[in-house]
Amino acid sequence: MKIGVYVCECGSNIASTVDVDKIVEEAKDLPNVAVSRVYKYMCSDPGQELIKNDIDEYNLDKIVVAACSPRMHEATFRSVLEDKGLNPYVLEIVNIREHVSWVNSDKDKGTEKSMALLTGAVYRSALMKPLERKKVGVIHTALVIGGGIAGIQAALDIASMGYKTTLVEKTSSIGGKMSQLDKTFPTLDCSQCILSPKMVEVNRHPNIKLLSLSEVVAVDGYVGNFKVKIKRNPRYVIEDKCTLCGDCLPVCPVIAHDEYNQGFSPRKAIYISYPQAIPASFIIDPDDCLGINPLICTKCKEVCGPEAIDFDMQPEIIEKEFGAIVVATGYAPYPIENIGEYGYGTIHDVISGLDYERIVSASGPTEGKILRPSDGKIPETVVFIHCAGSRDPSKHLPYCSKICCMYSTKHALQYKHVVHNGTAINFYIDIRTAGKDYEEFYQRAAEEDKVIYIRGKVSEVLEDGDQILIKGVDTLSGETVELHADMVVLATGITPSEGTKEMASLMNLAVDINGFIREAHPKLKPVDTAIAGIFIAGTATGPKDIPDTVSQASGAASKACGILSQDELEIEATVAIVDDSLCLEVVACVLKRAHIALLRCK
Ligand SMILES: Cc1cc2nc3c(=O)[nH]c(=O)nc-3n(C[C@H](O)[C@H](O)[C@H](O)COP(=O)(O)OP(=O)(O)OC[C@H]3O[C@@H](n4cnc5c(N)ncnc54)[C@H](O)[C@@H]3O)c2cc1C
4 MKIGVYVCEC
14 GSNIASTVDV
24 DKIVEEAKDL
34 PNVAVSRVYK
44 YMCSDPGQEL
54 IKNDIDEYNL
64 DKIVVAACSP
74 RMHEATFRSV
84 LEDKGLNPYV
94 LEIVNIREHV
104 SWVNSDKDKG
114 TEKSMALLTG
124 AVYRSALMKP
134 LERKKVGVIH
144 TALVIGGGIA
154 GIQAALDIAS
164 MGYKTTLVEK
174 TSSIGGKMSQ
184 LDKTFPTLDC
194 SQCILSPKMV
204 EVNRHPNIKL
214 LSLSEVVAVD
224 GYVGNFKVKI
234 KRNPRYVIED
244 KCTLCGDCLP
254 VCPVIAHDEY
264 NQGFSPRKAI
274 YISYPQAIPA
284 SFIIDPDDCL
294 GINPLICTKC
304 KEVCGPEAID
314 FDMQPEIIEK
324 EFGAIVVATG
334 YAPYPIENIG
344 EYGYGTIHDV
354 ISGLDYERIV
364 SASGPTEGKI
374 LRPSDGKIPE
384 TVVFIHCAGS
394 RDPSKHLPYC
404 SKICCMYSTK
414 HALQYKHVVH
424 NGTAINFYID
434 IRTAGKDYEE
444 FYQRAAEEDK
454 VIYIRGKVSE
464 VLEDGDQILI
474 KGVDTLSGET
484 VELHADMVVL
494 ATGITPSEGT
504 KEMASLMNLA
514 VDINGFIREA
524 HPKLKPVDTA
534 IAGIFIAGTA
544 TGPKDIPDTV
554 SQASGAASKA
564 CGILSQDELE
574 IEATVAIVDD
584 SLCLEVVACV
594 LKRAHIALLR
604 CK
């Protein structure tokens with residue numbers, strides 16, 4: 004047996020903390036090593052040629068490369084072996100960059116650890132056997148989870164490429180948070196006007212099956228062949244029969260909080276969340292209804308001309324197979340009640356950014372008039388507090404919510420456009436306007452619309468008569484600031500949507516330290532996950548504005564189509580096996596839902 008060992012300097016990435024010459028020399032003494040070399044960039048064309056020439060010259064039959072993570076270049080080096088007629092699986096990669104040089108500054112220790120890893124790899128390499136790649140068929144349908152703008156865009160893109168797509172949305176309508184927004188920065192175009200044509204298209208598209216009130220409850224299988232169970236909750240109204248006539252509304256005796264309007268207006272137990280909702284059908288909220296099981300009130304059913312109400316509807320489990328999955332489960336605002344120092348929940352006129360979106364909207368509870376929730380008066384001064392719960396590692400979220408500088412500026416502008424003589428004050432830590440035309444939007448607000456920006460952190464928000472006292476520090480002048488406002492709008496942080504962790508664990512997806520779904524690579528594979536065939540889009544992966552969300556959704560869709568367009572897929576030949584002599588049969592692997600390993604076990 005002849006093994007070739009190749010150590011990469013990776014520029015100075017590896018060479019600065021590992022004595023590469025030393026390990027190359029020592030490797031020459033390891034059993035079966037026929038040649039051992041170092042090169043500046045082993046992944047480069049000349050680096051690959053070096054290995055190819057050695058395979059010919061030394062008649063090598065196994066290769067060990069000590070370089071970066073196999074996630075970066077395993078495929079590169081496998082193809083080097085293939086080009087020279089070797090089986091691509093007789094390659095062993097030793098990760099001396101991420102596992103050694105990047106996490107260590109002591110050259111002696113780095114060299115010692117690299118040598119230990121390299122020695123292990125050479126011994127392992129001697130045991131490696133050629134493997135054969137397997138081919139599996141592909142189911143040419145896609146699943147998109149989450150019907151916000153990310154899921155809508157992904158579903159439309161996949162469906163338009165000709166593939167049947169199931170869009171699963173857990174609420175009664177698609178649209179997500181974008182449906183609650185009034186106008187969108189930086190163009191101030193109406194959110195519903197650009198969203199609802201896409202929602203209608205989803206409904207009409209022959210290749211899209213929309214399942215509202217539904218959630219994925221189990222995922223099995225692997226790329227090209229996922230088996231998914233979807234739980235569909237009852238709407239108690241037959242979608243196809245409901246004509247939206249509204250005859251049921253006056254007879255329903257229940258008054259409940261309207262979630263779409265952030266609780267600022269009432270709704271009935273039977274309702275449609277907003278006029279453009281898709282599916283365009285009423286729904287009965289079983290928690291609000293006087294009683295479905297046992298049936299207590301049937302007034303809506305009695306007046307329903309098209310006989311659309313069905314109290315016998317039951318939850319159902321739908322089982323389907325898909326070739327690829329896009330996860331677009333979105334975000335939730337940071338729980339505002341956690342930010343007690345800003346008075347939400349105790350001071351009536353302290354509201355959240357989403358509350359403000361509904362108040363300022365023509366379709367909202369005040370029909371677009373900006374009025375204080377406490378007394379319905381027009382506020383003369385409104386303070387917008389950025390980073391409410393963000394960039395605050397000691398108490399709240401450590402990271403930037405990315406969109407709140409922009410939407411607070413939008414909110415201030417909207418206020419000035421309605422209340423011309425009013426005063427709009429933005430309290431900010433830093434203004435972050437990285438996006439096309441975003442800086443110009445902010446400059447316009449500050450200069451033309453006279454929105455006041457105070458660089459500082461608010462420490463306290465207190466009730467003071469019928470006004471609100473805001474205390475803080477102007478960090479540019481160093482002086483303390485105390486000012487009165489009639490209304491305060493909190494730009495709350497962004498967190499993963501409820502259930503993201505559970506959803507991720509159903510599919511074996513990793514989440515990052517903040518709970519967002521982790522990408523396969525943050526820069527090079529931003530829409531892939533570690534599980535082949537499952538892609539991610541939108542704010543499920545982290546805070547994002549609409550343009551970034553939509554482009555990511557299209558990216559995920561095109562990746563999914565890359566799989567769906569194939570009749571067969573080559574799957575990894577390296578698979579987990581069970582060593583019966585060691586297995587304790589505690590089924591921990593099953594409990595951890597190691598589907599892919601299990602499917603291929605034995
Ligand atoms: C106050 C405010 C103002 C904003 N203004 C602007 C603006 O002017 N311009 C701009 O570009 N951006 C703005 N944004 C950001 C914008 O809201 C987001 O970029 C966009 O909504 C992200 O879309 P999404 O599809 O990723 O997530 P979402 O809108 O959160 O949609 C996710 C969808 O997935 C569903 N879902 C969640 N979990 C599941 C599950 N397990 N199964 C099935 N379905 C599930 C949810 O019900 C929801 O429908 C603003 C945000 C806020 C808070």
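Here our numbering is used: the first residue of the sequence shown is 4, the next is one more, and so on.
For each residue, glycine too, the CB sits at the ideal point set by N, CA and C.
Ligand 1 heavy atom lying under 7 Å from the CB of residue 139: Numbered from its first residue, the sequence shown carries residue 139 at position 136. False, no ligand heavy atom lies under 7 Å from that Cβ.
For residue 293, the nearest candidate out of 591, 255, 334 and 281 (CA to CA): As a first step, residue 293 must be located in the sequence shown, where it is residue number 290. It is 255.
The region 62-71 in contact with the region 87-100 per 3-pair CB rule at 8 Å: As far as the Cβ criterion goes, the region 62-71 touches the region 87-100, which means the pair count is three or higher.
CB contact flag (residue 516, residue 337, <8 Å): Indexing the sequence shown from 1 puts residue 516 at position 513. Indexing the sequence shown from 1 puts residue 337 at position 334. In this structure, residue 516 keeps its C-beta atom at 8 Å or more from the C-beta atom of residue 337.
Exposed unless 16 or more other CB atoms sit within 10 angstroms - verdict on residue 491: Translated into the one-based positions of the sequence shown, residue 491 becomes position 488. Around the beta carbon of residue 491, 16 or more other beta carbons lie within 10 angstroms, which makes this residue buried.
Simplified DSSP state of residue 487, which is helix, strand or coil: For the purposes of this step, residue 487 is taken as the residue at position 484 of the sequence shown. Assignment of residue 487 by DSSP, reduced to helix, strand and coil, places it in the strand class.
Backbone secondary structure at residue 565 - three-state DSSP: Taking the first residue of the sequence shown as 1, we reach residue 565 at position 562. Correct three-state label for residue 565: helix.
Residue 413: CB within 7 Å of a non-hydrogen atom of ligand 1: In the sequence shown, counting from the first residue as 1, residue 413 sits at position 410. Yes.
N-terminal and C-terminal residue of the beta strand (DSSP E) that residue 214 is part of: Along the sequence shown, read from residue 1 onward, the residue named residue 214 stands at position 211. Segment 211-214, the beta strand (DSSP E) holding residue 214.
Limits of the unbroken alpha helix (DSSP H) element including residue 128: Locating residue 128 in the sequence shown gives position 125, where the first residue counts as 1. 110-130 is the span of the alpha helix (DSSP H), which, as asked, contains residue 128.
In DSSP terms, what residue 456 is bridged to: As a first step, residue 456 is located in the sequence shown; it is residue number 453 there, counting from the start. DSSP lists 429 as partners of residue 456.
Proximity winner among 384, 317, 453 and 408, relative to residue 472 (alpha-carbon distances): Position 469 of the sequence shown, counted from the start, is the residue given in the question as residue 472. For the options 384, 317, 453 and 408, the alpha carbon positioned closest to that of residue 472 is the one of 384.
Cβ-heavy atom distance, residue 237 to ligand 2, below 7 Å: Judged by which ligands are present, ligand 2 is missing from the structure shown, whose ligands are ligand 1.
Paired residues, beta bridge with residue 36 - DSSP: Locating residue 36 in the sequence shown gives position 33, where the first residue counts as 1. Looking at the DSSP assignment, residue 36 forms a beta bridge with 6.
Secondary structure of residue 470, DSSP reduced to three states: On the sequence shown, residue 470 is found 467 positions in, with the first residue counted as 1. Residue state, collapsed to three classes: strand.
Cα-Cα separation between residue 403 and residue 394, rounded to whole angstroms: What you label residue 403 is simply residue 400 of the sequence shown in a count that begins at 1. What you label residue 394 is simply residue 391 of the sequence shown in a count that begins at 1. Whole-angstrom Cα-Cα distance: 5 Å.
Straight-line Cα distance separating residue 459 from residue 425: Translated into the one-based positions of the sequence shown, residue 425 becomes position 422. Translated into the one-based positions of the sequence shown, residue 459 becomes position 456. One Cα belongs to residue 425, the other to residue 459, and the distance between them is close to 21 Å.
Closer than 7 Å: residue 550 CB and nearest ligand 1 heavy atom: Here the question's residue 550 lines up with position 547 in the sequence shown. Ligand 1 approaches residue 550 closely enough that one of its heavy atoms is under 7 Å from the residue's Cβ.
Three-state class that DSSP yields for residue 522 in the structure shown: As a first step, residue 522 must be located in the sequence shown, where it is residue number 519. Per DSSP, reduced to three states, the secondary structure at residue 522 is coil, with no helix or strand assignment.
Complete alpha helix (DSSP H) runs within the region 122-194 (minimum length 4 residues, chain order): Runs of the alpha helix (DSSP H) inside the region 122-194: 152-163.
Distance cut-off 7 Å: residue 498 Cβ against heavy atoms of ligand 1: Within the sequence shown, the letter at position 495 stands for residue 498. Flag unset: Cβ of residue 498 not near ligand 1.
Span separating the alpha-carbon of residue 50 from that of residue 41: In the sequence shown, counting from the first residue as 1, residue 50 sits at position 47. In the sequence shown, counting from the first residue as 1, residue 41 sits at position 38. Residue 50 and residue 41: Cα-Cα distance of roughly 9 Å.
Distance between residue 232 and residue 558 (C-alpha atoms, nearest Å): Residue mapping note: residue 558 aligns to position 555 of the sequence shown, counting from 1. Residue mapping note: residue 232 aligns to position 229 of the sequence shown, counting from 1. CA-to-CA, the gap between residue 558 and residue 232 works out to about 26 Å.
Residue 182 burial status per 10 Å Cβ neighbour count (16 or more: buried): For this step, residue 182 is matched to residue 179 along the sequence shown. It counts as buried.
For residue 345 and residue 286, believed in contact at Cβ under 8 Å, the rounded distance: The residue given as residue 286 occupies position 283 in the sequence shown. The residue given as residue 345 occupies position 342 in the sequence shown. Their Cβ separation, rounded to whole angstroms, is 34 Å, which puts residue 286 and residue 345 out of contact at 8 Å.
Residue 543 Cβ short of 7 Å to ligand 1 heavy atom set: Against the sequence shown, residue 543 aligns to sequence position 540. Indeed, a heavy atom of ligand 1 lies less than 7 Å from the Cβ.
Inter-residue Cα distance where the pair is residue 429 and residue 335: Taking the first residue of the sequence shown as 1, we reach residue 429 at position 426. Taking the first residue of the sequence shown as 1, we reach residue 335 at position 332. Per the coordinates, the alpha-carbon of residue 429 lies some 23 Å from the alpha-carbon of residue 335.
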